[in-house]
Amino acid sequence: MRIITRLDIKNNFVIKGINLEGLRKVGNPIKLATDYYNSGVDEIILIDAVASLYNRNNLFNIVEKVSESIFVPLTLGGGIRSINDIDNALNSGADKVAINSHATENPNFINEAVKIFGSSTITVYIEAKKITDKKWEPYKYCGREKTNLDLIEWIKKVQDLGCGELLITSIDYEGMQNGFDLEMLEKIYNHIDVPLIFSGGCGKIEDITNINQLYPNIS
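According to the working numbering, the residues represented by the sequence shown are 1 to 219, in order.
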C-alpha cells in the first residue's frame, strides 16, 4: 500500500472542510508538502479546490517550488481542461495530472490526453456522493454540482478511455475522520482495473490497516 497525502488548496492556502463544505485555512502548501515528504509519504497530490469553478489555474508556481526539494511523485489537479494545462503542469514539476470536472463535461478529453502524454500521466479524480440506496453520483466543482452520472458507469467509461489511475473521494465521509467509506468501496472495487487511490474519512492508523487488510491493492 502506498501512503499518499492530498492537499486541497484555495488562494495559496491548504484548506480543510467536512463533506467538502465549511472550508477553513490550515497552512502553507509548500511547508505542509515538505513536512509530509520528510515524514515518508510515497506521493503528494495537490488539488486546487476552486480552479474549475472560477475557470483558472493557480498552482503551477506552487508545484514548481514544491518540486525543487521534494522527490516523490507529484500529482496536480484542479482546473485541468486543456492539453496546454497538462503541458504546463508537467513543465512545472508535476509527474501526473488529476482531471475531474472537465472530464465529466468532455469525456473524450481523457482519451486525447492519454494519446499525447500516456496513460500513466492521466489520473481521473472522482468525488462521489451517495444519492439512493446502493447508488452513488460523481460531483464536479469540488462537490458543488451534480453530474447526473452513475459512479460505476463513470468508472467503467474513464477506464475505457484509457486513464492510468483513479482517485476517488467519498464526499459523505470526507473530513469526518470516522473511517473510510467501505460501503462505496465494496460497491466499486470489482469494477476497477487500474491503480486506485481511495480517500475520505481517514482519522487514525487503524483506518489504514483495516482497509489494507480488506483491499490490499489500493492506496
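Every residue gets a Cβ at the ideal spot worked out from N, C-alpha and C, and that includes glycine.
Helix, strand or coil for residue 46 per DSSP? Locating residue 46 in the sequence shown gives position 46, counting from the first residue. Here residue 46 sits in strand by DSSP.
Which residues in the same chain have their Cβ closer than 7 angstroms to the Cβ of residue 147, if we skip the five residues on either side of it in sequence? By 1-based counting over the sequence shown, the position of residue 147 is 147. Only 104, 137, 138, 139 and 140 meet the Cβ criterion.
Tell me which same chain residues have a C-beta within less than 8 angstroms of the C-beta of residue 135, skipping the five on either side of it? Walking along the sequence shown from the start, residue 135 turns up at place 135. Closer than 8 angstroms at Cβ, skipping near neighbours: 150 and 151.
In chain order, which continuous runs of the alpha helix (DSSP H) of length 4 or greater are located wholly inside the stretch 69-134? 83-91, 101-105 and 108-117
Where residue 112 and residue 6 are concerned, what is the direct C-alpha to C-alpha distance, given to the nearest angstrom? Walking along the sequence shown from the start, residue 112 turns up at place 112. Walking along the sequence shown from the start, residue 6 turns up at place 6. C-alpha separation (whole angstroms): 26 angstroms.
What are the boundary residues of the beta strand (DSSP E) that includes residue 199? One-based indexing of the sequence shown puts residue 199 at position 199. Per DSSP, residue 199 belongs to the beta strand (DSSP E) from 196-199.
Would you mind stating whether residue 203 and residue 164 have Cβ atoms separated by less than 8 angstroms? Position 203 of the sequence shown, counted from the start, is the residue given in the question as residue 203. Position 164 of the sequence shown, counted from the start, is the residue given in the question as residue 164. Not in contact: residue 203 and residue 164 (Cβ atoms no closer than 8 angstroms).
Kindly list the residues whose CB is nearer than 8 angstroms to the CB of residue 156, restricted to its own chain and excluding five residues on each side of it in sequence; keep chain order. Translated into positions along the sequence shown, residue 156 becomes position 156. The residues are 191.
Tell me where the beta strand (DSSP E) around residue 15 begins and ends. Residue 15 sits at position 15 when you count from the first residue of the sequence shown. Run containing residue 15: 13-18, per the beta strand (DSSP E) assignment.
Is residue 170 buried or exposed, if buried means 16 or more other CB atoms sit within 10 Å of its CB? Within the sequence shown, the letter at position 170 stands for residue 170. With 16 or more other Cβ atoms within 10 Å, it is buried.
Can you tell which of 63, 59, 66 and 115 has its C-alpha closest to the C-alpha of residue 83? Taking the sequence shown and counting its residues from 1, one reaches residue 83 at position 83. With distances taken between Cα atoms, residue 83 lies closest to 115.
Name the two residues that bound the continuous beta strand (DSSP E) containing residue 9. Start at 1 with the first residue of the sequence shown, and residue 9 comes out as number 9. Per DSSP, residue 9 belongs to the beta strand (DSSP E) from 4-10.
Thinking C-alpha only, which one of 27, 129, 22 and 58 is nearest residue 92? Here residue 92 refers to the residue found at position 92 of the sequence shown. When each option's Cα is compared against that of residue 92, the closest is 58.
Between which two residues does the alpha helix (DSSP H) carrying residue 214 extend? One-based indexing of the sequence shown puts residue 214 at position 214. Looking at the DSSP string, the run of the alpha helix (DSSP H) that includes residue 214 is 205-214.
Have a look at the DSSP bridge pairing and note the partners of residue 136. By one-based count along the sequence shown, residue 136 stands at place 136. Residue 136 is bridged to 130.
Assign residue 41 to one of three DSSP states: helix, strand, or coil. For the purposes of this step, residue 41 is taken as the residue at position 41 of the sequence shown. Note: residue 41 maps to coil in three-state DSSP.
I need the straight-line Cα distance from residue 73 to residue 130, nearest angstrom please. For this step, residue 73 is matched to residue 73 along the sequence shown. For this step, residue 130 is matched to residue 130 along the sequence shown. Those two C-alpha atoms are separated by around 31 angstroms.
Based on Cα-Cα distance, which residue from 69, 185, 12 and 65 lies nearest to residue 47? Position 47 of the sequence shown holds residue 47. The candidate whose alpha carbon is nearest that of residue 47 is 12.
Within the same chain, show all residues whose beta-carbon is closer than 6 angstroms to that of residue 94, passing over the 5 residues directly before and after it, in chain order. For the purposes of this step, residue 94 is taken as the residue at position 94 of the sequence shown. Cβ within range, chain order: 63, 74 and 76.
Between the C-alpha atoms of residue 133 and residue 183, what's the straight-line distance to the nearest angstrom? Here residue 133 refers to the residue found at position 133 when the sequence shown is read from its first residue. Here residue 183 refers to the residue found at position 183 when the sequence shown is read from its first residue. One C-alpha to the other measures close to 11 angstroms.
In its own chain, which residues sit with a C-beta less than 6 angstroms from the C-beta of residue 126, not counting the 5 before and 5 after it? Here residue 126 is taken as the residue at index 126 of the sequence shown, counted from 1. Counting only Cβ-Cβ distances below 6 angstroms, and skipping sequence neighbours, we find 138 and 168.
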